[in-house]
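Asker: When the letters of the sequence shown are read in order and numbered with our numbering, they come out as residues 141 to 889. From the three backbone atoms N, C-alpha and C, an ideal C-beta is built for every residue, glycine too. Pasting in a structure now, in structure tokens, and then I'll have a few things to ask.
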Amino acid sequence: MFKRNQISRSIGFLIIGLTLSTMVAAQDLAEQVVIRRTGYGVPHIKAENIKAASFAMAYLQVQDYGRSVIDGLIQAKGEWALTEALDDSLMADQIDRDAAAKLRYARAEETFDLLDQDTKDLLEGYAAGVNKYIETYPDEFEEWVKPNFKAMDVHAKSIGTHSGSAVRDFIRSLNKTQQQEIAGKDRNVFARLASHSKDVHPDVGSNVWALAPERTRSGKAILVRNPHLSWGAGYYEAHMTVPGKFDFYGDFRMGNPLGIVGGFNEHLGWSTTNNYPDIDEIYALQVDSSNPDAYLLDGKSHFLEKKTVMVDYKTKNGVEQASRDFWFTPYGPVIHRDENNIYIIRAAGEGEYRTDQQFLRMMKATNLEEWKDAMRMQAKQTSNFTYADGDGNIFYVWNASVPDLPLPNGGDTTAVSVQSSNQIWKEVVDWDALPQLLNPEGGYLRNENDPFHFTNLNEILRPEDYPDNFDEPRLRLRSQLSLQLIGQDDVLSLEEVIKLKHDMRVLLADRVKPDLIEAVQRTQPKGEVAKALKHMKKWDNTVAAKSRGGILFKTWWERYVELASDGKDIPATPESAGYKADPTSLFKEAWSFDKPTTTPNGLANSENAVAAFLWAIEACKERYGDWNLRWGEVHRAKIGDQDYPVGGATGDLGAFRVLWYVDHKEDDKKLQVRGGDGWVLAIEFDDTPRAYSVLAYGNSTREDSPYYADQLKMFTENKMKKVAYSEEDIEKQTILEFHPGEEVKVRIN
141 MFKRNQISRS IGFLIIGLTL STMVAAQDLA EQVVIRRTGY GVPHIKAENI KAASFAMAYL
201 QVQDYGRSVI DGLIQAKGEW ALTEALDDSL MADQIDRDAA AKLRYARAEE TFDLLDQDTK
261 DLLEGYAAGV NKYIETYPDE FEEWVKPNFK AMDVHAKSIG THSGSAVRDF IRSLNKTQQQ
321 EIAGKDRNVF ARLASHSKDV HPDVGSNVWA LAPERTRSGK AILVRNPHLS WGAGYYEAHM
381 TVPGKFDFYG DFRMGNPLGI VGGFNEHLGW STTNNYPDID EIYALQVDSS NPDAYLLDGK
441 SHFLEKKTVM VDYKTKNGVE QASRDFWFTP YGPVIHRDEN NIYIIRAAGE GEYRTDQQFL
501 RMMKATNLEE WKDAMRMQAK QTSNFTYADG DGNIFYVWNA SVPDLPLPNG GDTTAVSVQS
561 SNQIWKEVVD WDALPQLLNP EGGYLRNEND PFHFTNLNEI LRPEDYPDNF DEPRLRLRSQ
621 LSLQLIGQDD VLSLEEVIKL KHDMRVLLAD RVKPDLIEAV QRTQPKGEVA KALKHMKKWD
681 NTVAAKSRGG ILFKTWWERY VELASDGKDI PATPESAGYK ADPTSLFKEA WSFDKPTTTP
741 NGLANSENAV AAFLWAIEAC KERYGDWNLR WGEVHRAKIG DQDYPVGGAT GDLGAFRVLW
801 YVDHKEDDKK LQVRGGDGWV LAIEFDDTPR AYSVLAYGNS TREDSPYYAD QLKMFTENKM
861 KKVAYSEEDI EKQTILEFHP GEEVKVRIN
């Protein structure tokens with residue numbers, strides 16, 4: 141659309157004609173909503189009802205993200221194999237995925253009528269909005285893209301299922317040589333799908349702060365959030381208002397009507413941060429020797445239920461059909477079989493269908509108790525939630541649908557053998573029994589993806605007070621730096637909090653650099669090594685774009701870890717914080733519960749430290765051209781033609797400003813941001829909330845859009861834009877105003 145109708149920033153109004161819809165229902169919805177875009181393309185949707193609001197949201201998302209929205213709906217329908225003819229192996233994998241999607245679609249059909257009317261309206265409006273855009277601009281899409289999406293297609297996207305990575309890890313543990321079999325055609329479909337599960341980057345997650353009125357200059361609560369996901373994650377900054385229902389500003393994940401992980405209304409706001417609860421259990425059921433498709437439980441034989449799914453797929457000669465068999469028990473799906481056992485996974489989220497309904501209730505909440513009531517639905521099975529409101533409350537909950545286990549936990553690597561049904565978990569731990577903190581002493585809450593225990597150091601949540609299948613205590617360096625930043629007693633303005641959020645220190649340097657300097661100094665270095673050591677001494681321990689020293693330190697640390705791991709490729713996980721080595725082989729003093737904010741500390745191996753330093757000097761010259769460059773000379777934020785120096789590092793260095801990088805495609809001596817900080821929102825809950833935000837990659841992936849990466853430079857300069865939330869501010873900042881599918885008015889106030 142934007143290439144066809146470039147926006148002219150001239151005074152007055154420019155009427156741009158758009159094609160009118162031929163569908164009366166969609167036209168009616170379009171007339172019930174108006175969209176105003178303010179600076180950086182942030183859409184403000186004002187609708188007469190929820191259906192019209194969701195209609196506009198879908199229309200906007202297709203306008204700004206194009207095919208990505210439509211692809212997600214096709215995949216949810218289980219029809220992706222019809223879009224393109226693939227070679228046999230790739231098509232076999234796609235048929236597996238489509239078949240599993242059709243199972244979830246069947247669950248969507250079973251549950252749609254159980255949703256409340258507002259949620260049904262949300263789903264129906266979203267499907268109609270996607271259709272409206274396709275009808276209006278058919279030339280933007282391939283011929284097979286048709287405006288025929290339904291509410292059920294949208295609903296199917298949110299149907300819960302078990303964790304593929306949990307299945308993968310279990311089968312790998314069961315038989316480490318079985319990977320080829322997992323991918324074989326004779327294996328369980330769920331196992332095949334699980335074999336494609338990818339390891340999560342160790343820095344995937346978020347930071348969040350909440351400050352109580354006693355800690356703020358205004359006497360109002362403050363909430364700050366910044367998730368760390370791939371820069372292709374599709375955060376969509378928007379404002380949706382339905383009078384009498386809600387007035388909500390936040391992130392509406394691309395391809396979904398809601399999917400909100402952070403935002404606020406006029407009364408309250410919240411943010412999620414990833415947690416890693418164990419919300420499933422794998423059980424081994426004994427095979428009935430007289431029938432391989434039956435199992436023994438409670439002294440009886442029970443037949444497995446087989447569901448055969450038919451999938452249409454495209455070939456060079458036309459459309460053909462394939463079948464996939466899935467096996468189930470009343471306790472969960474079958475994920476693997478051998479001669480003696482049938483393995484099933486019982487997952488808390490299997491078949492969950494109310495996530496959108498819960499988010500709607502949270503958006504409508506006007507106080508803490510109403511918000512808690514929405515959370516008690518437990519339709520959202522994971523994520524820490526941190527909350528603040530206009531009444532001055534701050535609240536944290538380690539949100540998790542954790543099974544109430546009758547037997548010791550097997551984790552994802554061991555199946556629990558059961559002989560009776562009462563050995564299989566039936567309920568999850570009650571939401572009110574989860575780890576929570578309300579208005580704690582010290583007036584702050586924080587989370588950086590570590591478990592709940594040290595959310596506030598004045599009110600430590602002891603591990604012995606919770607079940608064994610809750611997370612073990614951990615407080616990594618990023619979390620410790622966060623505590624240094626806000627865990628004191630200073631009183632802060634919103635702007636001062638934002639400045640702290642952009643802190644560029646790497647706490648690892650504070651902990652190990654003195655030992656590194658001492659170890660190298662003992663070798664009486666000469667020449668270039670002596671210069672590099674002096675360089676390291678002068679470094680300010682930050683990864684700010686203009687800082688010198690971080691490149692050499694990072695390269696040294698990577699080599700030091702490699703030496704400690706004996707060159708073994710140990711996968712980085714959220715639990716290992718990316719160290720890829722046993723912390724006791726890295727640090728003189730490893731992290732401990734009794735010294736949570738001062739450990740780890742020191743270097744365990746001075747000899748390795750020196751060897752790694754000498755190696756890093758040469759490696760920096762080879763990789764980047766020198767070892768004394770500014771951080772931003774190597775680390776770049778690049779989208780399209782824009783290419784800027786940027787500050788930020790990975791979490792294993794103890795950076796609060798988390799960014800991770802890949803090789804710069806145009807320059808092999810530079811690195812390019814791949815993920816991390818990208819969508820940042822800071823809110824002060826005054827009578828009318830006051831907020832700042834930045835979305836690094838912008839609100840559109842279309843290169844011809846004026847909103848494509850239009851916030852990138854601002855992000856690299858550690859700046860944020862003022863959020864237009866009040867009607868007065870929206871009116872002042874409105875640049876473009878229109879009804880979906882109708883005429884667009886562009887104005888400069």
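If you run the structure through DSSP and keep just helix, strand and coil, what is aspartate 428?
Answerer: For the purposes of this step, residue 428 is taken as residue 288 along the sequence shown, with counting starting at 1. If DSSP states are grouped into helix, strand and coil, aspartate 428 belongs with the strands.
Asker: If we call anything under 9 Å between Cβ atoms a contact, is glycine 372 one with serine 337?
Answerer: The residue labelled residue 372 in the question sits at position 232 within the sequence shown. The residue labelled residue 337 in the question sits at position 197 within the sequence shown. No, they are not a contact pair.
Asker: For lysine 385, which three-state DSSP category applies?
Answerer: By one-based count along the sequence shown, residue 385 stands at place 245. Correct three-state label for lysine 385: coil.
Asker: Excluding five sequence neighbours on each side, which residues of the same chain lie with their C-beta closer than 8 Å to the C-beta of valine 786?
Answerer: The count along the sequence shown starts at 1 and reaches residue 786 at position 646. If we look at valine 786 and ignore the five residues flanking it on each side, its Cβ neighbours are Ala685, Gly772, His775, Arg776, Ala777, Leu799, Val813, Phe855 and Thr856.
Asker: In whole angstroms, what is the alpha-carbon distance linking arginine 651 and glycine 794?
Answerer: To locate residue 651, count along the sequence shown from 1; it is residue 511. To locate residue 794, count along the sequence shown from 1; it is residue 654. Going by the C-alpha atoms only, they are around 10 Å apart.
Asker: List, from N- to C-terminal side, the alpha helix (DSSP H) runs of 4 residues or more that fit wholly inside the region 805-868.
Answerer: Runs of the alpha helix (DSSP H) inside the region 805-868: 852-856.
Asker: Applying the 10 Å Cβ sphere with the 16-neighbour rule, what's the burial state of phenylalanine 443?
Answerer: Locating residue 443 in the sequence shown gives position 303, where the first residue counts as 1. Phenylalanine 443 comes out exposed.
Asker: Does the Cβ of aspartate 228 have 16 or more other Cβ atoms within 10 Å, making it buried, or fewer, making it exposed?
Answerer: The count along the sequence shown starts at 1 and reaches residue 228 at position 88. Aspartate 228 is exposed by the Cβ-count criterion.
Asker: Over the uninterrupted beta strand (DSSP E) stretch that includes leucine 623, give me the two end residues.
Answerer: As a working note, residue 623 is residue 483 in the sequence shown. Here leucine 623 belongs to no beta strand (DSSP E); instead the alpha helix (DSSP H) covers 617-626.
Asker: Residues in the same chain with beta-carbon distance under 6 Å from asparagine 768, minus the five sequence neighbours each way, listed in chain order, please.
Answerer: One-based indexing of the sequence shown puts residue 768 at position 628. Excluding positions up to five away in sequence, the list reads His675 and Arg688.
Asker: Count Cβ pairs between the region 553-571 and the region 856-866 that sit closer than 8 Å; are there 3 or more?
Answerer: The region 553-571, when compared against the region 856-866, does not touch it at the 8 Å Cβ threshold.
Asker: Cα separation between leucine 255 and leucine 213?
Answerer: Your numbering for residue 255 matches position 115 in the sequence shown. Your numbering for residue 213 matches position 73 in the sequence shown. For leucine 255 and leucine 213, the distance between alpha carbons rounds to 20 Å.
Asker: Cα separation between methionine 163 and leucine 200?
Answerer: Translated into the one-based positions of the sequence shown, residue 163 becomes position 23. Translated into the one-based positions of the sequence shown, residue 200 becomes position 60. In this prediction, methionine 163 has a pLDDT of 48, which is less than 50 and means its spatial position is unreliable; what the coordinates show is noted afterwards. Approximately 18 Å between the Cα atoms of the pair.
Asker: Between the C-alpha atoms of glycine 218 and aspartate 817, what's the straight-line distance to the nearest angstrom?
Answerer: In the sequence shown, residue 218 corresponds to position 78, counting from 1. In the sequence shown, residue 817 corresponds to position 677, counting from 1. Their Cα atoms are separated by approximately 33 Å.
Asker: Note down, one range per segment and in chain order, each beta strand (DSSP E) of at least 3 residues found wholly within the region 748-778.
Answerer: Complete beta strand (DSSP E) runs here, min 3: none at all.
Asker: Alpha carbons only, please: which of Gly881, Phe594, Asp204 and Arg244 is nearest the one belonging to phenylalanine 898?
Answerer: Residue 898 lies beyond the residue range present for the chain, which begins at 141 and ends at 889; the question has no answer from this structure.
Asker: Can you pull the DSSP bridge partners for serine 411?
Answerer: On the sequence shown, residue 411 is found 271 positions in, with the first residue counted as 1. Its beta-bridge partners are Gly402 and Thr526.
Asker: Taking the DSSP output, what are the residues bridged to histidine 642?
Answerer: Position 502 of the sequence shown holds residue 642. None, per the DSSP bridge assignment.
Asker: According to DSSP, is arginine 177 part of a helix, a strand, or is it coil?
Answerer: Taking the sequence shown and counting its residues from 1, one reaches residue 177 at position 37. Residue state, collapsed to three classes: strand.
Asker: Would you mind working out which of Val537, Glu490, Arg494 and Val329 sits nearest lysine 446, comparing C-alpha positions?
Answerer: On the sequence shown, position 306 is the one that residue 446 refers to. Checking every option, the nearest Cα to that of lysine 446 belongs to Val329.
Asker: Using a beta-carbon distance below 9 Å, is glutamine 203 in contact with chain D?
Answerer: Annotation note: the requested chain D is absent from the structure, which comprises a single protein chain.
Asker: Please classify serine 732 as buried or exposed, where buried requires at least 16 neighbouring CB atoms within 10 angstroms.
Answerer: Position 592 of the sequence shown, counted from the first residue, corresponds to residue 732. By the 10 Å Cβ count, serine 732 comes out exposed.
Asker: For glycine 179, which residues in the same chain have their Cβ closer than 6 Å to its Cβ, ignoring the five residues on either side in sequence?
Answerer: Start at 1 with the first residue of the sequence shown, and residue 179 comes out as number 39. The residues are Gln873.
Asker: State yes or no: is the C-beta of valine 364 within less than 9 Å of the C-beta of leucine 811?
Answerer: Locating residue 364 in the sequence shown gives position 224, where the first residue counts as 1. Locating residue 811 in the sequence shown gives position 671, where the first residue counts as 1. Against a cut-off of 9 Å, the Cβ pair of leucine 811 and valine 364 comes out as no contact.
Asker: Return the CA-CA distance between arginine 357 and proline 278, expressed in angstroms with no decimal places.
Answerer: As a working note, residue 357 is residue 217 in the sequence shown. As a working note, residue 278 is residue 138 in the sequence shown. Each residue's alpha carbon lies about 53 Å from the other.
Asker: Could you tell me if methionine 450 is buried or exposed, where buried requires 16 or more neighbouring beta carbons within 10 angstroms of its beta carbon?
Answerer: Position 310 of the sequence shown, counted from the start, is the residue given in the question as residue 450. The residue is exposed, with fewer than 16 neighbouring Cβ atoms inside 10 Å.
Asker: Would you check if the distance between the CB atom of asparagine 839 and the CB atom of valine 182 is smaller than 9 Å?
Answerer: One-based indexing of the sequence shown puts residue 839 at position 699. One-based indexing of the sequence shown puts residue 182 at position 42. Yes, the pair counts as a contact, with Cβ atoms nearer than the cut-off.
Asker: Would you call lysine 325 buried or exposed, if buried means 16 or more other Cβ atoms sit within 10 Å of its Cβ?
Answerer: For this step, residue 325 is matched to residue 185 along the sequence shown. With a pLDDT of only 45 at lysine 325, under 50, the local geometry of the prediction cannot be trusted, and no value is derived from it.
Asker: Could you tell me how far apart the beta carbons of leucine 615 and phenylalanine 594 are, in whole angstroms, since I believe they sit closer than 8 Å?
Answerer: Taking the first residue of the sequence shown as 1, we reach residue 615 at position 475. Taking the first residue of the sequence shown as 1, we reach residue 594 at position 454. At roughly 5 Å, the Cβ-Cβ gap stays under 8 Å, so leucine 615 and phenylalanine 594 are in contact.
Asker: Are threonine 259 and leucine 436 touching if we call contact CB-CB under 9 Å?
Answerer: To locate residue 259, count along the sequence shown from 1; it is residue 119. To locate residue 436, count along the sequence shown from 1; it is residue 296. No.
Asker: Taking DSSP's pairing of strands, which residues face phenylalanine 468 in a bridge?
Answerer: In the sequence shown, residue 468 corresponds to position 328, counting from 1. Beta-bridge pairing links phenylalanine 468 to Glu445 and Pro473.
Asker: Which class does lysine 186 belong to by DSSP, given the choice of helix, strand or coil?
Answerer: Taking the first residue of the sequence shown as 1, we reach residue 186 at position 46. Of the three classes helix, strand and coil, the one that applies to lysine 186 here is strand, per DSSP.
Asker: Evaluate the contact criterion for the region 478-492 versus the region 505-514: three or more CB pairs, one atom per stretch, below 8 Å.
Answerer: Taking 8 Å as the limit for Cβ pairs, the verdict is that the region 505-514 does not touch the region 478-492.
Asker: Is it right to say glutamine 497 is buried, meaning 16 or more other beta carbons lie within 10 angstroms of its own, or is it exposed?
Answerer: Taking the first residue of the sequence shown as 1, we reach residue 497 at position 357. Burial call: buried.
Asker: According to DSSP, is methionine 450 part of a helix, a strand, or is it coil?
Answerer: Stepping through the sequence shown from its first residue, residue 450 is reached at position 310. If DSSP states are grouped into helix, strand and coil, methionine 450 belongs with the strands.
Asker: Would you give the residue range spanned by the alpha helix (DSSP H) that valine 701 belongs to?
Answerer: Taking the first residue of the sequence shown as 1, we reach residue 701 at position 561. Here the alpha helix (DSSP H) through valine 701 covers 690-704.
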